[in-house]
Amino acid sequence: MKADERKKLILEYAKRLFSRKGYYNTQIADIVNEAKIARGTVYQYFKNKDDLFITLIKEFYNDWEQNISLEMNKIDLKTISPHDYFYFRVKNTLDFLSNDPDLCNIVLRMGIGLSGELESSIKRFEKKIHNLIVSDLEFGMRNKHVRADLNVEMASNLITGALLRTALYDFGAKKKKKDQAEIDSMAREIVGIFGPAIFTKK
């Protein structure tokens, strides 16, 4: 097995255990036993359990950034409507979160009770979503698609909370996987709720 494949394998088993048992109840020995590898192999790639957990979360939000990238999805800002753009952001985020119930469970449920860099690593994902929404809303304001009097910070917090709460409720571990039609419907429902309060009337 190549080094990058072995590292990915360790992260995969760690993810399942963190989701099932929680961070504090998961030990390196558990990961070693599940993955059927030597204990020293884990330490070839990770300094300790904290490093393993933080790496897992970093990869998660880096993957999310790629998933909602305008370039990766060939989104043309000159032709897409504001509502369709909002729908794209919401749907792709829900798609991404639905594809990995264990990571969804870790990121959205486990932040409370963790300390220091562990909590910060999870909060960073929420902050990234929040900042992206702020940026999108401000972009919409500059182009007169978003209400000029909108409280951007409040709107971003509301949308972020709605996305993460919906994902936790519908995609968390042990939940039945949603099909594409269900995710599309959820995304349209979110856009339908927030859209009238955000966009200017044409």
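If you want this note's numbering, it's the position in the sequence shown, counting the first as 1, plus 601. Think of the CB as a built atom: it goes at the ideal place given N, C-alpha and C, for glycine as much as any other residue. In this text the structure is predicted, and so the values were computed from the model without any measurement.
Beta-carbon spacing of residue i, residue j below 7 Å
| i | j | result |
| --- | --- | --- |
| isoleucine 730 | threonine 680 | no |
| aspartate 696 | isoleucine 791 | no |
| tyrosine 646 | lysine 609 | no |
| phenylalanine 772 | leucine 678 | no |
| isoleucine 794 | serine 757 | no |
| leucine 738 | valine 753 | yes |
Residue nearest to residue i in terms of C-alpha spacing, selected from the options
| i | options | result |
| --- | --- | --- |
| methionine 755 | Ala798, Arg789, Gln781, Ala768 | Ala798 |
| phenylalanine 661 | Arg640, Asp651, Asp703 | Asp703 |
| serine 670 | Ser620, Leu764, Val691 | Val691 |
| lysine 675 | Asp664, Phe689, Asp652 | Phe689 |
| alanine 636 | Glu613, Pro683, Arg621 | Glu613 |
| phenylalanine 800 | Glu666, His684, Lys650 | His684 |
Residue i versus residue j - alpha carbon distance
| i | j | result |
| --- | --- | --- |
| isoleucine 629 | glutamate 606 | 19 Å |
| lysine 648 | glutamate 718 | 14 Å |
| asparagine 693 | arginine 710 | 20 Å |
| lysine 724 | valine 708 | 8 Å |
| leucine 618 | asparagine 700 | 17 Å |
Per-residue burial, residue i [other beta carbons within 10 Å of its own, 16 or more giving buried]
| i | result |
| --- | --- |
| tyrosine 770 | exposed |
| glycine 641 | exposed |
| serine 716 | exposed |
| serine 620 | buried |
| asparagine 626 | exposed |
| alanine 788 | buried |
| asparagine 706 | buried |
| alanine 782 | exposed |
Anticipated Cβ contact below 8 Å, residue i with residue j, distance rounded
| i | j | result |
| --- | --- | --- |
| serine 722 | isoleucine 658 | 4 Å |
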